[in-house]
Amino acid sequence: MPFTIAIDGPAASGKGTIARALAQEFGFPHLDTGLLYRAVGAIGGDPTTAARGLDPEDLLRPGLRSAEAGQAASRVAAIPEVRAALIDFQRRFSRQEPGAILDGRDIGTVICPGAEVKLYVIAADETRAARRAAELGADPAVMLAELRERDARDAARDTAPLRAAPDAVILDTTAMSIDEAVAAAAALVRKRLERLAI
Ligand code: CDP
Ligand code: CDP
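Structure follows, in structure tokens:
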């Protein structure tokens, strides 16, 4: 049985940073599912056609990390047919042995409801905006508005809205360094791995 780690949360909460560190520590492959939606938004044209024809090469397009690409992603991510077209790929990825890590918005709720570890990563809006602004070399006030707009759209959509799974562990990284957040997540993973080994 593969060991799946689902990491969800709002924009720039630290999901990807934690997921990459856990991938290193436990040797599991990691899929940043936000990149799928960013690529669909960047391809343009009919989003459903783009999602159905998505190629791994599309995830390497330049500019996918920009705020504009994030906004485009969140618009196409509200289309049920786009989400449906991406489910199989994500589920297949999640079932790899010995385990896999996926981060996004609906991993613990829709893509991998049976995941062994579910984390929902949050941080204060201003903290997230400051971190993303530093990362992109952008204005924190502009980032704050961008993140809030995206979170509101992601939480309000009918299909797979941004939401913590009832059994997710909430990790608030507002006052945590990256090392502290990673250590907390790794401790949780270790606990579950040990329990399953008994
Ligand atoms: O994947 P997600 O959008 O949730 O966030 P991220 O890309 O992992 O983190 C956003 C930014 O915050 C990155 O530049 C991280 O280095 C930074 N970060 C931080 O400063 N402190 C943390 N505890 C976590 C992330
Ligand atoms: O890194 P950040 O948290 O800013 O964004 P992301 O994870 O790259 O996701 C970009 C957008 O894709 C989100 O605002 C969501 O609208 C959408 N998304 C989604 O709907 N479901 C996922 N599993 C992942 C991303």
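All the letters of the sequence shown, read from the start, carry residue numbers 1 to 198 under UniProt numbering. Using N, Cα and C, we set each Cβ at its ideal position, and we do this for glycine too. Note that the structure is a prediction, hence the values are computed from the model and not measured.
Taking 7 Å as the cut-off, decide whether the C-beta atoms of residue i and residue j are in contact.
{"i": "T174", "j": "A123", "result": "yes"}
{"i": "A19", "j": "H30", "result": "yes"}
{"i": "V182", "j": "A23", "result": "no"}
{"i": "L102", "j": "R128", "result": "no"}
{"i": "P47", "j": "I5", "result": "no"}
{"i": "R150", "j": "S74", "result": "yes"}
{"i": "L59", "j": "L35", "result": "yes"}
May I have the straight-line CA-CA distance separating residue i from residue j, to the nearest angstrom?
{"i": "A185", "j": "R105", "result": "17 Å"}
{"i": "residue 206", "j": "E68", "result": "Past the edges of the chain, shown from 1 to 198, lies residue 206, and the structure says nothing about it."}
{"i": "V110", "j": "A160", "result": "7 Å"}
{"i": "residue 274", "j": "A138", "result": "This structure leaves residue 274 out entirely; the chain is present only between 1 and 198."}
{"i": "M1", "j": "R83", "result": "26 Å"}
Which whole-angstrom value describes the C-beta separation of residue i and residue j, a residue pair presumed to lie in contact below a C-beta threshold of 8 Å?
{"i": "L171", "j": "V117", "result": "Their Cβ separation, rounded to whole angstroms, is 11 Å, which puts L171 and V117 out of contact at 8 Å."}
{"i": "G16", "j": "D32", "result": "6 Å"}
{"i": "A50", "j": "A72", "result": "No, A50 and A72 are not in contact; Cβ-Cβ is about 11 Å, not under 8 Å."}
{"i": "I7", "j": "I87", "result": "Between I87 and I7 the Cβ distance is about 18 Å, and since that is not below 8 Å, they are no contact."}
{"i": "A168", "j": "Y120", "result": "4 Å"}
{"i": "A77", "j": "D125", "result": "A77 to D125, Cβ: 20 Å. No contact."}
*asked:* Three Cβ pairs or more, each shorter than 8 Å: is that satisfied between the stretch 9-21 and the stretch 131-151?
replied: Taking one beta carbon from each stretch, the stretch 9-21 and the stretch 131-151 have 3 or more pairs nearer than 8 Å; the two touch.
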